[in-house]
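In our numbering, the protein residues as written are 1 to 177.
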């Protein structure tokens, strides 16, 4: 939620017009989708979320419960991004994309978790951080390594979604199928 809230908040601050006309657009299987939906609701702006057809029903219901509109797509990165482009075109100049992990304000917001860990556990030697798209991992690494460069940070991901490990081994990005 931290990354989404930070990114939505920054866009709302920068808005020179009627913020009630603003629409935040993103794509996500669930966690970022819910966070953008809630952050948008709290900031008084609309949210339009692109979610894969096979995203968990409980996550789709939560997104709808926060008042966001959902457009479904095939579960590929290409389809998600293409559908986001279509949604942005349909909402026009009031649409603003917040990428789920490739957004400096999302990363900065996620990084506050690292700062909180350092505050609560000043002698921390290592952290294990989940990696999905990489925004949380990036934010935590930037924050923690800036304050305590000797802390070891390990990325963790499930075997059936191990694109980060495969990409690292191949020395180039290997997206999930």
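Just so it is clear, CB atoms sit at the ideal spot from N, CA and C, and this is done for glycine as well. Note that the coordinates shown come from a computational prediction; the quantities given were computed from them, not determined experimentally.
| Between residue 6 and residue 133, which are expected to be in contact by the criterion C-beta below 8 Å, what is the C-beta distance as a whole number of angstroms? | Incorrect: roughly 16 Å between the Cβ atoms, too far for contact.
| task | Inspect the CB distances between the segment 70-81 and the segment 43-61 and report whether three or more fall short of 8 Å. | result | The segment 70-81 makes contact with the segment 43-61, as at least three CB pairs between them are under 8 Å.
| Going by the beta-carbon positions, is the gap between residue 118 and residue 148 smaller than 8 Å? | Result yes, Cβ atoms of residue 118 and residue 148 sit closer than 8 Å.
| 6 Å CB neighbourhood of residue 35 in its chain, flanking five on each side removed | So the list reads 1 and 4, once near-sequence residues are dropped.
| message | Could you compute how far the alpha carbon of residue 122 sits from the alpha carbon of residue 115? | response | Looking at the two C-alpha atoms, the distance is approximately 10 Å.
| message | Report the start-end ranges of each beta strand (DSSP E) in the segment 23-88 that is 3 residues or longer and not cut off at the edges. | response | Within the segment 23-88, the complete beta strand (DSSP E) runs of at least 3 residues are 23-27, 46-52 and 69-73.
| request: Note down, in chain order, each residue of its chain lying with its Cβ closer than 8 Å to the Cβ of residue 66, except the 5 sequence neighbours on either side. | output: Cβ within range, chain order: 34, 37, 38, 40, 41 and 47.
| query | Which class does residue 127 belong to by DSSP, given the choice of helix, strand or coil? | reply | When secondary structure is reduced to three states using DSSP, residue 127 falls in the strand class.
| DSSP beta-bridge partners for residue 95? | Residue 95 is bridged to 23.
| Cross-strand partners of residue 153 (DSSP beta bridge) | The secondary-structure analysis by DSSP pairs residue 153 across a beta bridge with 127.
| message | For residue 150 and residue 125, I'd like the C-alpha separation in whole angstroms. | response | Cα atoms of residue 150 and residue 125: separation of roughly 7 Å, rounded to the nearest angstrom.
| message | Can you tell me where the alpha helix (DSSP H) holding residue 164 begins and where it ends? | response | Residue 164 -> alpha helix (DSSP H) spans 163-170.
| task | Could you check what DSSP says for residue 103 in three-state terms: helix, strand or coil? | result | Residue 103: coil per DSSP, three-state reduction.
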